[in-house]
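In my numbering, the protein residues as written are 2 to 308.
In this text, a Cβ means the ideal position worked out from N, Cα and C, and glycines have one as well.
Below, the structure written as structure tokens:
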């Protein structure tokens with residue numbers, strides 16, 4: 002069964018160690034061989050600027066990660082195609098994998114909207130305004146102040162709407178979430194679970210999940226055990242518990258997958274990398290109808306692309 006994965010940090014790992022091979026390096030939970038083995042049809046690659054990077058270097062680091070994406074991910078693998086326009090997804094041939102750039106945190110462009118437009122032009126199709134900390138656009142979940150979007154943050158969401166770019170709700174503070182979900186035409190949570198099932202601050206309350214559902218967005222299940230059950234280990238039953246909960250909120254057409262592979266240090270048993278995605282599919286098929294599972298795995302996202 003085809004898979005869409007809404008979030009991975011393979012570009013960060015490649016940037017930290019450019020000697021790694023995206024083809025088959027076992028340290029990369031998402032690599033070319035594992036994408037094929039897991040039947041991943043569409044993989045989103047996050048650009049993430051680590052907090053210790055100084056402000057004058059942040060855009061440069063973003064460009065370096067984009068360069069790695071072009072040289073190592075797409076450039077060396079003819080079966081992996083960069084998605085420039087949403088309509089390109091429907092043009093993928095059998096055996097081809099779509100690769101999409103996303104941005105996790107507005108630090109990459111600061112308050113320079115020319116830089117943001119440049120990122121759009123380079124193919125970034127999803128913008129998360131924050132990681133966990135506050136920045137010039139919004140407060141993240143770790144900011145004690147807990148404020149909402151700034152004037153700049155609202156401007157960025159407006160630009161996302163105009164460019165048909167997703168605004169990613171994952172990592173936002175509560176107030177930032179409500180500001181963003183109201184303003185965004187294409188709100189998604191690429192890698193978040195249910196706070197009712199697991200109380201981690203990174204997860205979504207029911208009213209937040211319903212707000213995304215009401216705006217025809219989707220929520221990507223993240224495979225980080227602390228976000229699944231609050232522990233260091235987890236099983237696929239834990240993943241299914243979150244999916245089941247969101248379905249109970251009327252979200253069966255809005256559940257998706259957002260692994261956070263290469264950005265997590267703990268893993269779900271038998272789901273440690275992208276090559277094991279079909280293990281999850283097999284477990285889902287034991288509990289849900291095939292049509293529902295196809296939706297979770299792939300179709301829910303495909304049906305809601307802003308083409």
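Short Cβ contact (8 Å threshold) for residue i with residue j
i	j	result
residue 143	residue 136	no
residue 252	residue 210	yes
residue 301	residue 257	yes
residue 195	residue 268	no
residue 60	residue 106	no
residue 222	residue 243	yes
residue 139	residue 173	yes
residue 150	residue 177	yes
residue 216	residue 240	no
Local Cβ density within 10 Å of residue i, reported as buried at 16 or more and exposed below that
i	result
residue 271	exposed
residue 283	exposed
residue 55	exposed
residue 8	buried
residue 28	exposed
residue 226	buried
residue 188	buried
residue 88	exposed
residue 95	exposed
residue 163	exposed
For residue j and residue i, believed in contact at Cβ under 8 Å, the rounded distance
i	j	result
residue 30	residue 274	4 Å
residue 249	residue 201	In fact, because the Cβ distance is near 20 Å, the residues do not count as touching under 8 Å.
Own chain partners of residue i with C-beta closer than 7 Å, once the 5 adjacent residues on each side are dropped
i	result
residue 21	14, 15, 28 and 29
residue 4	39, 40, 41, 42, 258, 278, 298 and 299
residue 118	none
8 Å CB neighbourhood of residue i in its chain, flanking five on each side removed
i	result
residue 84	43, 90, 99, 100, 101, 124 and 126
residue 75	81, 82, 83 and 100
Residues near residue i in its chain [Cβ-Cβ closer than 6 Å; skip 5 each side]
i	result
residue 165	307
residue 78	33
residue 264	10
(request) Taking only runs that begin and end inside the segment 192-265, name each unbroken beta strand (DSSP E) of 3 or more residues, in chain order. (result) 220-222 and 256-258
(message) For a minimum of 3 consecutive residues, which ranges assigned as the beta strand (DSSP E) are wholly contained in the segment 53-141?
(response) 81-83, 98-105 and 125-129
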